[in-house]
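Trainee: Residue numbers (the working numbering), protein chains in the order written: chain X, 14 to 261; chain E, 14 to 261. One structure, pasted below without further comment.
2 protein chains.
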Amino acid sequence: MAHHDLQTVSHECGDCPIRHRAVCARCESDELQRLEQIKYYRSYQAGQTVIWSGDRMDFVASVVTGIATLTQTMEDGRRQMVGLLLPSDFVGRPGRATAAYDVTATTDLVMCCFRKKPFEELMQSTPHIAQRLLEMTLDELDAAREWMLLLGRKTAREKIASLLAIIARRDAHLKLKSAKGSIVFDLPLTREEMADYLGLTLETVSRQVSALKRDGVIELEGKRHIIVPNFDRLVEETGDDSDGGFLV
Amino acid sequence: MAHHDLQTVSHECGDCPIRHRAVCARCESDELQRLEQIKYYRSYQAGQTVIWSGDRMDFVASVVTGIATLTQTMEDGRRQMVGLLLPSDFVGRPGRATAAYDVTATTDLVMCCFRKKPFEELMQSTPHIAQRLLEMTLDELDAAREWMLLLGRKTAREKIASLLAIIARRDAHLKLKSAKGSIVFDLPLTREEMADYLGLTLETVSRQVSALKRDGVIELEGKRHIIVPNFDRLVEETGDDSDGGFLV
DNA sequence: CGAACTGTTGACATTATTCAACCTCCGTGG
DNA sequence: CCACGGAGGTTGAATAATGTCAACAGTTCG
C-alpha cells in the first residue's frame, strides 16, 4: 500500500515524481522556477475530506502521491463518483471560486498546491501551462465519456471487470510493466467506493466480484489483493473491443 | 423546426450567430481575420452522419446552427450518447488524428470548419483561442460529470425529467426568455435518441414520458411538442436540488 | 396503397436493489 | 487479556425497476 509522507517527497520540482505528467510537464526551467515559488505541499490521511462541494476553494493542485476521488451527492444521499484522481491529476478549476464536487483522499495523499490567484496569473503569461492543462482536460473529458458508456450501458459484471481492468492497467503502467498475462495489484477502493464509482450498490459489487472469482477471472487474497491470471480474459469480460484505450 | 441553410448564415464572422460563445469568442478583430481565412462551412441534413468513430478527421469545427450528437457504440450494438452538440459547441480535438465518437446531425446542421493543421498553428500563436477552448472544455467536463450522476444514480423518471428540463432551459435561453412558469418547446430528439442519451430503452422512455403526461407534469401536442405548465414542478421531478446548474 | 419509420402499450423476463442476517478483522477500554 | 463495537465484506430472499418481445397505431413518402 502506498505510504508516502512529506519526508519522502522531494520539494525540488526537478526530481518530482509527476514532473513529466502533471500540469507543469511542459514547463521550461525558468517557468518551473516561477511555479516553484508559489507552490506548497499539503498532505491528507486516508479517509480525510480535502474539500466539500460548494466550499470556497482558494487553490488548485496536482496529486503527487496517493489517490483521491471526486463525488457528487444528491439531496437524498445517492452518491456518484465522477472522477478518480491519480498521481499527476489536476484538482480545481481556474476561474472558479468554489468546489463543484467533494474531494476525498482514499489513500494517504500528498498534493502540490498553488494559490489560485498567482496560478491564474502565471497561466496568462505561461502558455505551456495552459497548453498542458487543455491537453489534460481533454483527456479527462474522454475518460468521463468512456465512463458514461459504462454507467449507461454496461451490466454489473462488465462494470466490475472494466474497473478492475483500468486499475490493473494503471498499476502496470506505474510499475513500468506491460498489462499482459498475469497481473497482481491492490484495490485502492472499498466495495462501497467501487459501487459509487460504478453506479451500483455495494451488495451488487460484492456479488459480482465473487462471481468473477468463482469463474476464475480473478483470484482474491484477502479482500483487496487481486490476482488476474489472464488479463485478456478480464478484458473480454469488460464488453469493450479488445484494445480499449481507457485512461492510461 | 430549425431549417437553416447556407444562404441564411452570414459568412462574416462579425455577425455570426455564435460569435460571442464559440471557440472564437475571445478573438480580437485581427485574430478573427486570420480565422476567417481558414474557415469554411459545411452543412448536413437531419439524420446524416458527420463523422464515424475511428475515421481520419482533418478538421475541427463549431456548430453554427442545428444539433448534433456524439455517440459511442459497443461491439454488440449497445449505444450511449456522450454529448449533445448545440450551436457554438466545438467538435474535434486538436492534436488527435481520428474521431473518437460518431457525430450525427439530428437536425439540419451547419458547421464552421477549420482545417486542423492551420487551426493548431493558429492556436499556438493566438492564446485567446486556446484560452477559450480550455474554458469550453472545462464546461463540457462539468456537463459530462453531471451526466454521470444522471446515468449512475437517477431513476428512469428522473432521467426523463432532467433531459426535458435541460432542453427547456437551453431553449428558453436561446429565446431570451427565463426558464420559469410555463414553457413550450420542441423535442429535437426521437425516443430512441433520448434513450441513447439517458441509458434507457426507447420503451422505457415512452412509458415515462406518458407517465409524466398522465401526472400533469408535461402536456404533449403531437409527439415532439412539449408544454411544461409549471417548470418548478418539472425540476422537482429531476431529483436535483432546486437551482441545479446544468449545461446552460 | 403499402412500406418504413416513429411511437405506444401490454405481458413477461431479467437484473439489480433492498432488507436482513451474519462473518471477520481490528482497535479500544474495562 | 478479552469482550465489545464498528467497519468492511458476503450472502440470501423478496421486491422493485427496467428490459425484452411483440402487437399495433399514426404519419410520411414513394
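Beta carbons are placed, not taken as given, at the ideal position from N, Cα and C, and that holds for glycine.
#1: With DSSP as the reference, label Q93(E) as helix, strand or coil.
#2: Output, in sequence order along the chain, the residues in the region 165-191 of chain X whose CB is closer than 9 Å to any CB in chain E.
#3: Tell me which residues share the same chain as A118(X) and place their Cβ nearer than 8 Å to its Cβ, disregarding the 5 neighbours each side in the sequence.
#4: Based on DSSP bridge pairs, tell me the residues matched to K52(X).
#5: Name, going along the chain, the residues of the region 63-88 of chain X whose beta-carbon falls closer than 7 Å to a beta-carbon of chain E.
#6: In chain E, which residues lie with their C-beta within 7 Å of the C-beta of M161(X)?
#7: What distance in whole Å lies between the Cβ atoms of I51(X) and R128(X), which are believed to be in contact at a cut-off of 8 Å?
#8: Taking CB distances under 9 Å as the criterion, tell me whether E205(E) reaches chain X.
#9: With C-beta atoms as the reference, is L200(X) less than 9 Å away from R237(X)?
#10: Identify the contact partners of A143(X) in chain E, using a Cβ-Cβ distance below 9 Å as the criterion.
#11: For a test of the three-state rule: what should DSSP assign to A157(E), helix, strand or coil?
#12: Measuring only the C-alpha atoms, how far is F198(X) from L151(E)?
#13: Output the distance between the C-alpha atoms of Q93(X) and V73(E), rounded to the nearest integer angstrom.
#14: Could you tell me which residues DSSP puts in a beta bridge with R69(E)?
#15: From the DSSP output, in three-state form, read off T86(X) for me.
#16: Any idea what DSSP makes of A11(E), helix, strand or coil?
#17: Please report the distance separating the alpha-carbon of L99(X) from that of E250(X).
#18: Counting only C-beta atoms, is E153(E) closer than 9 Å to chain X at any point?
#19: How do the region 138-145 of chain X and the region 28-42 of chain X stand: do at least 3 beta-carbon pairs fall below 8 Å, yes or no?
#20: Using a C-beta cutoff of 9 Å, does R106(E) count as contacting chain X?
#21: Just the Cα atoms here: how many angstroms apart are L163(X) and D43(E)?
#22: Please state the DSSP three-state secondary structure of I173(E).
#23: Please report whether the beta-carbon of T150(E) lies at a distance below 9 Å from any beta-carbon of chain X.
#24: Leaving aside the five residues before and after T217(E) along the sequence, list all residues of the same chain whose C-beta is less than 6 Å from its C-beta, in chain order.
#25: State the CB to CB distance for the pair V241(E) and I196(E), rounded to an integer number of angstroms; the pair is presumed to be in contact (CB under 8 Å).
#26: Looking at the C-beta of D245(E), does it have a partner C-beta in chain X at a distance below 9 Å?
#27: Quick one: residues in its chain with C-beta nearer than 8 Å to the C-beta of E41(E), no 5 flanking neighbours on either side, listed in chain order?
#28: Assign A181(E) to buried or exposed, taking buried as 16 or more other Cβ atoms, counted over all protein chains shown, within 10 Å of its Cβ.
#29: Based on DSSP bridge pairs, tell me the residues matched to V104(E).
#30: Just to confirm the assignment: which complete alpha helix (DSSP H) runs, minimum length 4, are found wholly within the region 128-152 of chain E?
#31: Between M102(X) and chain E, is the shortest Cβ-Cβ distance under 9 Å, so that the two count as touching?
#32: Using the Cβ count rule (16 or more neighbours within 10 Å means buried), how would you classify Q46(X)?
#33: May I ask you to list, following chain order, the residues of the region 109-126 of chain X that have a beta carbon less than 9 Å from some beta carbon of chain E?
#34: With 16 as the cutoff for other CB atoms within 10 Å, does D71(E) come out buried or exposed?
#35: Does any C-beta atom of chain E lie closer than 9 Å to the C-beta of G229(X)?
#36: Can you pull the chain X residues whose beta carbon is under 9 Å from the beta carbon of D254(E), in chain order?
Mentor: The relevant details are as follows:
#1: strand
#2: G165, R166, K167
#3: Y57, Q58, A59, G60, Q61, T62, V63, G79, I80, A81
#4: In the DSSP output, where bridge partners are listed per residue, K52(X) has F127(X).
#5: Flagged, chain order: Q85, M87, E88.
#6: Q93, V95, A157, W160, M161, L164
#7: 6 Å
#8: Closer than 9 Å to the CB of E205(E) there is not a single CB belonging to chain X.
#9: yes
#10: P140, A143, Q144, L147
#11: helix
#12: Linking F198(X) to L151(E) through their CA atoms gives a straight-line distance of about 32 Å.
#13: Q93(X) and V73(E): Cα-Cα distance of roughly 32 Å.
#14: T111(E)
#15: strand
#16: The first residue shown for chain E is 14 and the last is 261, placing residue 11(E) beyond what the model contains.
#17: L99(X) and E250(X) have their C-alpha atoms roughly 24 Å apart.
#18: Output row for E153(E): interface = yes.
#19: yes
#20: Taking Cβ atoms only, chain X reaches closer than 9 Å to R106(E), which makes this a yes.
#21: 44 Å
#22: Note: I173(E) maps to helix in three-state DSSP.
#23: yes
#24: A169
#25: 4 Å
#26: no
#27: H141
#28: buried
#29: A74(E)
#30: 129-138
#31: Looking at the sequence provided, one finds Asp at residue 102(X) rather than Met. Under the Cβ criterion of 9 Å, D102(X) is not counted among the residues facing chain E.
#32: exposed
#33: R109, A113, Y114
#34: exposed
#35: no
#36: M87, E88
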